[in-house]
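Visitor: When the letters of the sequence shown are read in order and numbered with the UniProt record's numbering, they come out as residues 1 to 126.
C-beta atoms are modelled at their ideal positions from N, C-alpha and C, and glycine is treated no differently.
Quick one: the structure is below, questions incoming.
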Amino acid sequence: MPYVALKHIHLTLIGASVGLFILRFVLLMLQSGVLQRKWAKVLPHVIDTLLLLSGVALIMATGWNPIRDPWLTEKMLALVAYIILGVITFKAQRGTLFRVFAFLGSLGWVYYMFVLAQTKTPLLLG
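Below, the structure is given as structure tokens:
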């Protein structure tokens with residue numbers, strides 16, 4: 001598959017993943033029962049799996065290497081931080097303020113991944 005097509009698929013999946021993450025957080029704050037529906041529990045995993053696969057496909061198509069390209073290593077570490085804070089946002093048995101900070105922190109990591117993808121300049125490992 002051509003690079004441009006892979007990139008567009010990856011970007012579309014990022015939008016879907018982050019958009020769904022934000023929607024689920026709003027529903028959490030509203031204490032909506034929608035979060036208990038099967039689609040709300042399964043769809044994020046499907047989208048995020050496809051997103052991960054598209055990222056791997058992009059790495060293979062471009063020849064980027066996390067060992068050789070520190071910005072990519074940093075992006076992968078930022079992804080881990082985003083996932084951890086996302087899990088804390090939805091699973092932690094803490095107060096609302098704690099969840100809000102975890103949510104905002106996870107969005108901060110999403111922004112950082114965006115910056116890394118645009119600039120290819122690592123800030124933490126460079």
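Would the segment 24-31 and the segment 68-85 be scored as touching if the rule is three or more Cβ pairs under 8 angstroms?
Guide: Result no; under three Cβ-Cβ pairs closer than 8 angstroms.
Visitor: Secondary structure at Asp48, three-state DSSP: helix, strand or coil?
Guide: In the sequence shown, the residue the question calls residue 48 occupies position 48. Helix.
Visitor: So which of Thr119, Leu6 and Val110 has the shortest CA-CA distance to Val56?
Guide: Within the sequence shown, residue 56 is the residue found at index 56, counting from 1. For Val56, the nearest C-alpha among the options comes from Leu6.
Visitor: Cα-Cα, which of Pro2, Val4 and Leu35 is closest to Lys91?
Guide: To locate residue 91, count along the sequence shown from 1; it is residue 91. Per the Cα distances, Leu35.
Visitor: Please classify Thr89 as buried or exposed, where buried requires at least 16 other C-beta atoms within 10 Å of its C-beta.
Guide: The residue given as residue 89 occupies position 89 in the sequence shown. Buried is the call here.
Visitor: Is the distance from the Cβ of Leu107 to the Cβ of Lys75 below 8 angstroms?
Guide: Taking the sequence shown and counting its residues from 1, one reaches residue 107 at position 107. Taking the sequence shown and counting its residues from 1, one reaches residue 75 at position 75. In this structure, Lys75 does not lie closer than 8 angstroms to Leu107 by Cβ.
Visitor: Going by DSSP in three states, Thr121 sits in which element: helix, strand or coil?
Guide: By one-based count along the sequence shown, residue 121 stands at place 121. Three-state DSSP puts Thr121 in coil, outside helix and strand.
Visitor: Pick from Thr12, Ile59 and Tyr112: whose alpha carbon is nearest that of Leu79?
Guide: The residue you call residue 79 lines up with position 79 of the sequence shown. That would be Tyr112, whose Cα lies nearest to the Cα of Leu79.
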